[in-house]
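These notes concern the structure reproduced below.
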Amino acid sequence: MSAGRFWAVSFVVAAALLVLTRWQIQNEYFFFAGYVVLQYIVLATAWNILGGYTGYINFGTAAFFAVGAYTAVVLHKLTPVPVPVMIVAGGIVSGIIGLGMGYLTLRLKGVFFAIATLAMAIVAQTLIVNWDFVGGARGIYVIRPQHGPLVGGYIQYLYSLMLLLTWFSVAIARTIERSRLGLGLNAIRDDEQTAEAAGVPTLRLKLIATTVSGALMGMSGAPLPYYVTYLDPSSSFNLSYAVNSVAMPMIGGMTSWVGPIIGAVLLGTIQQVATVTISSALNLLIVGLLLIGFVIVAPNGIVGLVKPRHRARGGR
Amino acid sequence: MEISLDLLVNAIVAGLLLGGFYAAVTLGVTISFGMLDIVNIAHPAFIMLGSFITYAINSAFHLDPILIGVTMMPAFLVLGMAVYQIYYYAFERRGQESIQGLAFFFGLLFVGEVALILVFGVDYRFVEAAYIGPSLHFGFVELPLRMLVPFVVALAMVGLLQLFLGRSFIGRAILAVAQDRLALQLMAANPSRVKRIAFGISIATAALAGALLIIIQPVEPSIGRDYIGRIFAICVLGGMTSIPGMVAGAMLIGIAESITSTFYGPSWSPAVAFGFLLLALAVRPAGILGR
Amino acid sequence: MIAAGRQPLLTVGGLTKHFGGFVALEDIDLQVMPGERLGLIGPNGSGKSTFVNCLCGTLRHDGGTISFDGYRLDRVSAHQRTRRGLARSFQLPKPFRSLSLLDNLRIPLLYAVNARPGARLSAAAIEERSLQILGDVGLADKARQLPRDLTQVEMRKLELARALASAPRLLFADEAMAGLSPSEVEEILGLLFRLNDDGITIVLIEHIMRAVMSFSTRLVVLVAGRKIADGAPDEAIRNPEVERAYLGE
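Chains as they are written, first to last, in my numbering: chain A, 1 to 316; chain B, 1001 to 1291; chain C, 2001 to 2249.
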């Protein structure tokens, strides 16, 4: 399926899903939980562009995600704008951070890069903790409006936005995957030195990957303040975002756009169910154990179990 | 803000004491990451485990924390060897160390923290010992015993290990593996057995480091995360494989954190080590070709 | 085939490279003429691979100048040098493991050839060219397989094919024959002769003396990071310093 057609078909699927769920489902809890699962699909998909396609493990997901959330907070305090605008703004700010982070750290060997991303997340968190305008360590309260701009409650509105964002990220991921860029990223992942010698502008491609990945993560974080109504650094920079955005693509499968979706839906749903039925700490334990288990037993994830390793690529 | 001399001197002294402790914390990673090329970012989890076991035994039986720490070391040695076995079978054998191995240890770090939360809860825990509380005074310089004692023990452990690596047969084998895996194989010594012992030793150091940590400050499970950056910052600053270098790096970070904390407030100290790390990584000339 | 009376393709002046205190390359001058078959030899550790790495941009050199086809390459990144027409095969073959042989060649075609000014190859043309090159090295029937299943000599051929796919003017064949049987060496050598006939300047870095002597029109000898001989193969080989380096005092 060509890129253009995929965008169209997937949009139709997303729109159908949206209409169906909003029309049929009355239970508000579904939209609360659905928002979280969709958010994780975006995070996992975004992470995989740099992690699965390019081979650079990012432990600093929280930085981009929380920066997106705090960008929304800043806008909320300065001048009220509609949430879609906040999403775009969050994407821009996080994208710039992704570019900057990439420029500083992408010259490092893979492992050092991963540690550096963790370092950036802590640095970002420390900066936010010491910034009183957005609440600092105490956090900040955000009033959630009663109704969405069209019909229905506000949570349904956020859910709808997140569904569209999910469509957008998945379409971007697949487009990259099947393009010349994706082939280049693949080469970088397999052997960066050889890729460079073969003519691939490795630094530039890696910067594109970090920027796109960071931007998408920031976009997924922007509606968060309205969702939680109380935002503080320790929850928005929570390491669980990092673990989940690593575990979901790894468990789902890192080589294809489908993997992060599978991983996010699976793990996200498990966690939503477990948080309600057991304790929330226990469900994080489950994620960690699943990650370790899959990494040992099925390194190619669920996609790898179903499909053989080799697949013909269509570079352009 | 005027910098008063005695405040500064005390900050530096406190930083030195802290640095000694940081050396104990980083020692294990210098072995596992610097020498063996195993990215054990779960090292802080083992330290926290050591801290909490120390708490549990200390609060139940009132034994001295350092005694507990030393007694735990053989058990942690075995634990480390077991973890290495899993790592070896799952990743090293298949040549997939980098991404999968990293994810493995990341998962381990996380599982460790959450397991501690489930067992001990999120409250701060502390130990009781005779030297927690009193301080020595030299003029205006204050030396809290709860920092001085771990400082001495930490440097003793580092010194002993350095001797061990240089003098004993196993120690020298470990250094050989660090330098040239191929040569070792040609000499018919099995590198993975040596690495297993070395990794076990690195985890054993975490046991004692954990005991020292809970002497210095009360602990709760998520503290481990702050140490990831510190540990790798010190390891990188120290030149990866050099233990003396690591100690120097530890002192540097300790002093920098102490001064930052004294004059700018403690909420900035997590960023200090990470900031150093980023600087060190940015400035390293090796870049993409490795260290 | 060497054309007469023209500019050198590659000019290296005073090239120096050190790793910390260790001097790997010291003040190396070299000119490579278009169409030449240059042999580069030297004992282990003499700096041959470091030299190639510096010329191709994998390593940054510390001193001296490199000019290719009139352009200074000193600060140019490795992928840019490939686009300009320098190519190399690696001593230890490092194919793209998760890509088919066909896709392995697509990379340089997409990123080196198509990045040059002028007509860009369409997707169909790229696939065709890729298959053609694989055919030239005798790997056409494995085009859609992964590199994992290749034999040693097939891996070497893939390395060369990938370097070829970037349509180079100058090819560094870095120990492309190490560990191969005599007949396999002949295969690779034959391939290199054919490439040279097609107009590609080749620098052969090798330990297998027989191959180097039969292949080279000129021989350069590196010992301990310095060039100690540069000339016709028979003469260069008889240079007393070269004998000393190989046979010891």
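Beta carbons: idealized from backbone N, C-alpha and C, even for Gly.
Distance between beta carbons of residue j and residue i, contact taken as under 8 Å
{"i": "asparagine 1040 of chain B", "j": "phenylalanine 1105 of chain B", "result": "5 Å"}
{"i": "leucine 2171 of chain C", "j": "alanine 2087 of chain C", "result": "5 Å"}
{"i": "alanine 1154 of chain B", "j": "alanine 1023 of chain B", "result": "6 Å"}
{"i": "threonine 1030 of chain B", "j": "isoleucine 1228 of chain B", "result": "With a Cβ gap of about 15 Å, threonine 1030 of chain B and isoleucine 1228 of chain B do not count as contacting."}
{"i": "methionine 2177 of chain C", "j": "isoleucine 2208 of chain C", "result": "6 Å"}
{"i": "aspartate 2027 of chain C", "j": "glycine 2045 of chain C", "result": "About 18 Å; that fails the 8 Å criterion."}
{"i": "serine 213 of chain A", "j": "glycine 98 of chain A", "result": "6 Å"}
{"i": "valine 2203 of chain C", "j": "valine 2032 of chain C", "result": "7 Å"}
Residue i: contacting residues in chain B (beta-carbon distance under 9 Å)
{"i": "glycine 110 of chain A", "result": "Ser1098, Ile1099 and Leu1102"}
C-beta neighbour in chain A for residue i, strict 8 Å
{"i": "proline 1285 of chain B", "result": "Confidence in proline 1285 of chain B is poor, its pLDDT being 43 and thus under 50, which makes the residue's placement unreliable; the coordinate value appears in the next sentence. False, the Cβ-Cβ gap to chain A never drops below 8 Å."}
{"i": "glycine 2020 of chain C", "result": "no"}
{"i": "serine 2166 of chain C", "result": "yes"}
{"i": "alanine 2115 of chain C", "result": "yes"}
{"i": "aspartate 2103 of chain C", "result": "yes"}
{"i": "alanine 1090 of chain B", "result": "yes"}
{"i": "arginine 1297 of chain B", "result": "The structure shown does not extend to residue 1297 of chain B, since chain B spans only 1001 to 1291, so no value can be given for it."}
{"i": "phenylalanine 1110 of chain B", "result": "yes"}
{"i": "arginine 2162 of chain C", "result": "yes"}
{"i": "arginine 1196 of chain B", "result": "no"}
{"i": "arginine 2097 of chain C", "result": "yes"}
{"i": "leucine 1281 of chain B", "result": "yes"}
Nearest residue (CA-CA) to residue i, options the options
{"i": "glycine 2047 of chain C", "options": "C/Gln2091, C/Ala2024, C/Pro2233 and C/Lys2094", "result": "C/Ala2024"}
{"i": "alanine 8 of chain A", "options": "A/Ile155, A/Phe168 and A/Val212", "result": "A/Phe168"}
{"i": "serine 2067 of chain C", "options": "C/Arg2037, C/Thr2011 and C/Glu2206", "result": "C/Thr2011"}
{"i": "leucine 2099 of chain C", "options": "A/Asn186, A/Val246, A/Ile208 and A/Ser280", "result": "A/Asn186"}
{"i": "phenylalanine 31 of chain A", "options": "A/Thr210, A/Leu163 and A/Thr229", "result": "A/Leu163"}
{"i": "valine 85 of chain A", "options": "A/Thr210, A/Ala69 and A/Ile97", "result": "A/Ala69"}
{"i": "glutamate 1220 of chain B", "options": "B/Gly1019, B/Tyr1055 and B/Leu1005", "result": "B/Tyr1055"}
{"i": "aspartate 191 of chain A", "options": "C/Ala2229, C/Arg2218, C/Pro2095 and C/Val2185", "result": "C/Pro2095"}
{"i": "isoleucine 1174 of chain B", "options": "B/Leu1063, B/Asp1037, B/Phe1276 and B/Gly1019", "result": "B/Asp1037"}
{"i": "alanine 2211 of chain C", "options": "C/Arg2244, C/Leu2180, C/Glu2159 and C/Pro2117", "result": "C/Leu2180"}
{"i": "leucine 1077 of chain B", "options": "B/Gly1249, B/Ser1258 and B/Ala1206", "result": "B/Ala1206"}
{"i": "arginine 1225 of chain B", "options": "B/Gly1050, B/Phe1199, B/Leu1109 and B/Ile1068", "result": "B/Leu1109"}
{"i": "leucine 1361 of chain B", "options": "B/Gly1028, B/Gly1050, B/Gly1265 and B/Gly1238", "result": "The structure shown does not extend to residue 1361 of chain B, since chain B spans only 1001 to 1291, so no value can be given for it."}
{"i": "isoleucine 2107 of chain C", "options": "C/Glu2127, C/Arg2148 and C/Pro2117", "result": "C/Glu2127"}
Listed by chain order, chain A residues near residue i by CB distance under 8 Å
{"i": "leucine 1277 of chain B", "result": "Ile115, Ala116 and Ala119"}
{"i": "isoleucine 1228 of chain B", "result": "Ile115 and Leu118"}
{"i": "serine 1267 of chain B", "result": "Thr126, Val129, Asn130 and Ala137"}
{"i": "phenylalanine 1046 of chain B", "result": "The premise fails here: phenylalanine 1046 of chain B is roughly 15 Å from chain A at the closest Cβ pair, so nothing lies under 8 Å."}
{"i": "glycine 1239 of chain B", "result": "Going along chain A, no residue has its Cβ under 8 Å from glycine 1239 of chain B, so there is no contact; the nearest lies around 14 Å."}
Any C-beta of chain B under 8 Å from that of residue i
{"i": "isoleucine 250 of chain A", "result": "It is methionine, not isoleucine, that sits at residue 250 of chain A in the sequence shown. Judged by the 8 Å Cβ criterion, methionine 250 of chain A is in contact with chain B."}
{"i": "asparagine 48 of chain A", "result": "no"}
{"i": "threonine 61 of chain A", "result": "no"}
{"i": "glycine 288 of chain A", "result": "yes"}
{"i": "valine 295 of chain A", "result": "yes"}
{"i": "valine 151 of chain A", "result": "no"}
{"i": "isoleucine 292 of chain A", "result": "yes"}
Minimum Cβ-Cβ distance from residue i to chain C less than 8 Å
{"i": "glycine 182 of chain A", "result": "no"}
{"i": "glutamate 177 of chain A", "result": "no"}
{"i": "histidine 310 of chain A", "result": "Low per-residue confidence applies at histidine 310 of chain A: pLDDT is 47, beneath 50, and the placement is therefore not dependable, though the value from the model is reported in the following sentence. Taking Cβ atoms only, chain C reaches closer than 8 Å to histidine 310 of chain A, which makes this a yes."}
{"i": "asparagine 186 of chain A", "result": "yes"}
{"i": "glutamate 196 of chain A", "result": "yes"}
{"i": "aspartate 329 of chain A", "result": "With chain A covering 1 to 316 only, the question about residue 329 of chain A has no answer from this structure."}
Under 9 Å by beta carbon: chain C residues contacting residue i
{"i": "glutamine 193 of chain A", "result": "Thr2058, Ala2078, Phe2090 and Lys2094"}
Within chain B, partners of residue i - CB distance below 8 Å
{"i": "valine 123 of chain A", "result": "Ala1271, Phe1274, Gly1275 and Leu1278"}
{"i": "alanine 281 of chain A", "result": "Val1114, Ile1117 and Leu1118"}
Min CB distance residue i to chain D below 8 Å
{"i": "serine 1242 of chain B", "result": "Protein chains in the displayed structure are A, B and C, and chain D is not among them."}
DSSP beta-bridge partners of residue i
{"i": "isoleucine 2041 of chain C", "result": "C/Val2221"}
{"i": "leucine 1135 of chain B", "result": "For the sequence presented, residue 1135 of chain B should be read as serine rather than leucine. Partner(s): B/Pro1144."}
{"i": "histidine 76 of chain A", "result": "Paired residues: none, contrary to the question."}
{"i": "isoleucine 41 of chain A", "result": "According to DSSP, which records beta bridges pairwise, isoleucine 41 of chain A is partnered with nothing at all."}
Within chain C, the residues that residue i reaches when beta carbons sit closer than 7 Å
{"i": "glycine 199 of chain A", "result": "His2079, Thr2082, Arg2083, Pro2108, Tyr2111, Ala2112, Ala2115 and Ser2166"}
Within chain C, partners of residue i - CB distance below 8 Å
{"i": "threonine 202 of chain A", "result": "His2079"}
Interface partners of residue i on chain A, CB under 7 Å
{"i": "arginine 1225 of chain B", "result": "Leu239"}
{"i": "phenylalanine 1232 of chain B", "result": "Ile115"}
{"i": "valine 1039 of chain B", "result": "Val111"}
Proximal chain A residues relative to residue i, where beta-carbon distance stays under 9 Å
{"i": "phenylalanine 1164 of chain B", "result": "The contacting residues do not exist; phenylalanine 1164 of chain B stays about 27 Å from chain A at best."}
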